[in-house]
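In order, the protein sequences belong to chains A and B.
Counting from 1, position 192 in the first sequence corresponds to residue 192 in my numbering; the numbering is continuous, with no gaps.
Counting from 1, position 152 in the second sequence corresponds to residue 1152 in my numbering; the numbering is continuous, with no gaps.
Number of protein chains: 2
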Amino acid sequence: MSSIVVVGTVALDSVKTPSGQSREALGGSAVYFSLAARLFVPVHLVGVVGQDFPEEHKHSLRTRGVNLEGLDVLPGKTFRWAGAYGKGLGAAKTLETQLNVFEVFRPKLKPAHKAAPVVFLANAYPELQWEVLSQMTEPSIIACDTMNYWINSKRPALKELLSRVDIFLINEAEARKLAREADTCRAARKLAEWGPSVVVVKKGEHGALLVADGRLYAFPAYPLVDVIDPTGAGDTFAGGFLGYLASSGNLKEALEPARLKRAVLYGSILASFNVQDFSTRRLEKLNPDDLRHRYRDFVDLLTVEDGILAA
Amino acid sequence: MSSIVVVGTVALDSVKTPSGQSREALGGSAVYFSLAARLFVPVHLVGVVGQDFPEEHKHSLRTRGVNLEGLDVLPGKTFRWAGAYGKGLGAAKTLETQLNVFEVFRPKLKPAHKAAPVVFLANAYPELQWEVLSQMTEPSIIACDTMNYWINSKRPALKELLSRVDIFLINEAEARKLAREADTCRAARKLAEWGPSVVVVKKGEHGALLVADGRLYAFPAYPLVDVIDPTGAGDTFAGGFLGYLASSGNLKEALEPARLKRAVLYGSILASFNVQDFSTRRLEKLNPDDLRHRYRDFVDLLTVEDGILAA
């Protein structure tokens, strides 16, 4: 079993949705990712918080097997994000972003992190993602995500980064923007031509597209009627997806389509749990049995017995 | 093998998409439905055209096994629709609708139609759908569709109709509007509580939701990179879906989940062919081998071997 290093934000989020709100709750891309991936493999979180970061959050992560040796504590305040969702829970409206200590964060990997076989570069500025990558010894699987802001301001650096990446996870609107294609399937295929051997386009409630070996696969999301807060769903998906792949005995096999398809289902399942409560509450309570149960149900929903028309 | 009666529009469509345009080409809900369903069972089309309707279109439908005894020809012009799609091929912008002879259409079913075991009431004003239904002797499966216009102006009549219907097919935006739910899964479940034992929410490029026996199923669309013209995709889906169900030896079994799931895949497959060319061109050329081939491919894309986490 491999381990994963994830580099991204550790945040205090304030979120309003039609179901209620959370204030300064645990969040951030590296946190959501870690809480999902830790159900499959040991996870090392590399990130930064300010001196105001509650000890209980660290405790909560550590108890769940997330290694925090790579979590720097710098003078100042922790990264904060505030957002609101309307009816239908589509894209969040960002009310406030305070970079705080994240702005001066320059990760310096510890030896154990450098040697990790799998690394996930969560959404951050491409130069920071690159800086982390250049410190890794020889990772077998490099995966990354990005977001609108960098697509607009750092497109060349992002394309350069993608040429080094094995797995690129990105949300639908961002995939279309980055590829400059109005059609999502075309966008996914184009992004795969830029370097990554695997592209996953996350479509939220509409599921995900996967490009592997040049072939296009489509999956629905696990159907839910009780979505409370979509914050972190994308990073949680990435954690389930990559966590499952990293748990493969042989990482060379991890990128085979049969395994990648199962990884998409695990990503969807983890995201489906995450959106059923505010912040990381549901993920923190999650155990392997919950996971297995919903995975079985999802496979059952999708299974179609042969129904080929008689000749 | 059963036969299907479909009641809906027969139209001359003028459509512009980023790939080009068609002018006064064959279209209409009953036409798209028939050209899909005829690959599974005999189809009787009930509708109306004006004296300007080209003989070649009738010939084309008849050659493909669509029975036109129920197609009235009235003095005046055929129903016309003109629309345009932008980049990304989302919802069409309607440029013009001329009801013409459809406005005075009062279908009077022939004895053979009245006795049909399966009937599809394509989008029309609910009173017309009701009028057709009341002429049927004892159909085993009653299915219908609707659209925004009737949801706004005829909501009570529509709810009344749904209490009589077995299968309700509706597109995503319309499902949310009719159910007054911002979430599509919730909307689908609510509509199923109004009477239909089966609800299918068509989500275009994002696939479809199915509610059967109170359980919610989600499916992706067949992934395509060469979409030319989405016109008629929803009715084509309905034709594939209902055509497959009607081809069941025993219609009592037709509404079992295993069969309904395969029907959704056939609906998606038929729709995926339809959008690959303007008007009904691709559907007219389609043969059972094309269908079988793409169905196998779709099942293959979706198939996930067991990947349950070890306990």
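Think of the CB as a built atom: it goes at the ideal place given N, C-alpha and C, for glycine as much as any other residue.
The model shown is predicted, which means the values in this text are computed figures rather than measured ones.
Using a Cβ cut-off of 8 Å, which residues of the stretch 188-203 of chain A contact any Cβ in chain B, in chain order?
Listed by position along the chain: Arg189 and Lys203.
Which residues, in chain order, does the stretch 1240-1269 of chain B contribute to contact with chain A at a C-beta distance below 9 Å?
Cβ contacts with chain A come from Tyr1244, Ser1247, Ala1258, Arg1259, Lys1261, Arg1262, Ala1263, Val1264, Leu1265 and Tyr1266.
Could you list which residues in chain B have their beta carbon closer than 9 Å to that of A:Tyr217, in chain order?
Within the first sequence, numbered from 1, the residue matching residue 217 of chain A stands at position 217. Those within 9 Å of A:Tyr217 in chain B are Pro1220, Pro1223, Leu1301 and Leu1302.
Identify which residue in B:Pro1156, B:Asp1213, B:Glu1069 and B:Arg1038 has its Cα closest to the Cα of B:Leu1178.
Sequence index remark: in the second sequence, residue 1178 of chain B carries index 178 (1-based). The shortest Cα separation from B:Leu1178 among B:Pro1156, B:Asp1213, B:Glu1069 and B:Arg1038 belongs to B:Pro1156.
Could you confirm whether any beta carbon from chain B is found closer than 8 Å to the beta carbon of A:Thr17?
On the first sequence, position 17 is the one that residue 17 of chain A refers to. Judged by the 8 Å Cβ criterion, A:Thr17 is not in contact with chain B.
Among all the DSSP beta bridges, which residues are the ones paired with A:Thr97?
As a working note, residue 97 of chain A is residue 97 in the first sequence. Paired residue(s): A:Trp81.
Classify A:Arg186 as buried or exposed, calling it buried when 16 or more other Cβ atoms lie within 10 Å of its own Cβ.
In the first sequence, counting from the first residue as 1, residue 186 of chain A sits at position 186. Result: buried.
Name the chain A residues that come within less than 8 Å of B:Cys1144, Cβ to Cβ?
One-based indexing of the second sequence puts residue 1144 of chain B at position 144. Result: empty, since nearest Cβ-Cβ is about 23 Å, beyond 8 Å.
Can you find a CB in chain B that lies within less than 8 Å of the CB of A:Gly88?
Your numbering for residue 88 of chain A matches position 88 in the first sequence. It does: the Cβ of A:Gly88 has a partner Cβ on chain B nearer than 8 Å.
Quick one: is B:Ile1228 buried, meaning 16 or more other Cβ sit within 10 Å of its Cβ, or exposed?
As a first step, residue 1228 of chain B is located in the second sequence; it is residue number 228 there, counting from the start. Buried, by the Cβ-count rule.
Between which two residues does the beta strand (DSSP E) carrying B:Ser1014 extend?
By one-based count along the second sequence, residue 1014 of chain B stands at place 14. Note, B:Ser1014: beta strand (DSSP E), Ala1011 to Thr1017.
Quick check: what's the CA-CA separation for B:Leu1061 versus B:His1044?
Here residue 1061 of chain B refers to the residue found at position 61 when the second sequence is read from its first residue. Here residue 1044 of chain B refers to the residue found at position 44 when the second sequence is read from its first residue. Cα-Cα distance, rounded: 11 Å.
Please report the residue range of the alpha helix (DSSP H) in which B:Ile1269 lies.
Your numbering for residue 1269 of chain B matches position 269 in the second sequence. Taken as a continuous stretch (DSSP letters only), the alpha helix (DSSP H) holding B:Ile1269 covers Pro1257 to Asn1274.
Is it buried or exposed, B:Asp1183, if we count other Cβ atoms within 10 angstroms and call 16 or more buried?
For this step, residue 1183 of chain B is matched to residue 183 along the second sequence. Counting other Cβ atoms within 10 Å of its Cβ, B:Asp1183 reaches 16 or more and is therefore classed as buried.
If the cut is a Cβ gap below 7 Å, which residues of chain B does A:Ala182 touch?
Residue numbering aside, residue 182 of chain A sits at position 182 when the first sequence is read from its first letter. Lys1087 and Gly1088, listed in chain order.
Where does B:Asn1287 fall in DSSP's three states?
The residue given as residue 1287 of chain B occupies position 287 in the second sequence. Coil.
Could you give the distance in angstroms between the alpha-carbon of A:Gly28 and the alpha-carbon of A:Glu55?
Residue mapping note: residue 28 of chain A aligns to position 28 of the first sequence, counting from 1. Residue mapping note: residue 55 of chain A aligns to position 55 of the first sequence, counting from 1. Between A:Gly28 and A:Glu55, the C-alpha separation is close to 16 Å.
Smallest Cα separation from B:Tyr1085: which of B:Gly1249, B:Pro1139 and B:Lys1016?
To locate residue 1085 of chain B, count along the second sequence from 1; it is residue 85. Comparing Cα positions, the closest option is B:Lys1016.
What are the complete beta strand (DSSP E) segments, minimum 3 residues, inside the stretch 137-197 of chain A?
141-144 and 167-171
Using the Cβ count rule (16 or more neighbours within 10 Å means buried), how would you classify B:Gln1051?
Stepping through the second sequence from its first residue, residue 1051 of chain B is reached at position 51. Counting Cβ neighbours within 10 Å, B:Gln1051 comes out exposed, since fewer than 16 surround it.
Count the other C-beta atoms from every protein chain shown that fall within 10 angstroms of the C-beta of B:Gly1083, then say buried if there are 16 or more, exposed otherwise.
The residue labelled residue 1083 of chain B in the question sits at position 83 within the second sequence. That one is buried.
Have a look at B:Arg1292 and B:Leu1270 and give me their C-alpha separation to the nearest angstrom.
Here the question's residue 1292 of chain B lines up with position 292 in the second sequence. Here the question's residue 1270 of chain B lines up with position 270 in the second sequence. The straight-line gap from Cα to Cα measures roughly 11 Å.
Would you say the beta carbon of A:Phe237 comes nearer than 7 Å to a heavy atom of the ligand FAD?
In the structure on display, the ligand FAD does not appear, and there are no ligands present to speak of.
So, does the CB of A:Glu174 fall closer than 8 Å to a CB anywhere in chain B?
Along the first sequence, one-based indexing puts residue 174 of chain A at 174. Not closer than 8 Å to any Cβ of chain B, the Cβ of A:Glu174 fails to qualify, so no.
Just the Cα atoms here: how many angstroms apart are A:Ala311 and B:Gly1267?
On the first sequence, residue 311 of chain A is found 311 positions in, with the first residue counted as 1. On the second sequence, residue 1267 of chain B is found 267 positions in, with the first residue counted as 1. For A:Ala311, the predicted model reports a pLDDT of 43, less than 50, meaning its position is unreliable; a value from the coordinates is still stated below. Cα-Cα distance, rounded: 19 Å.
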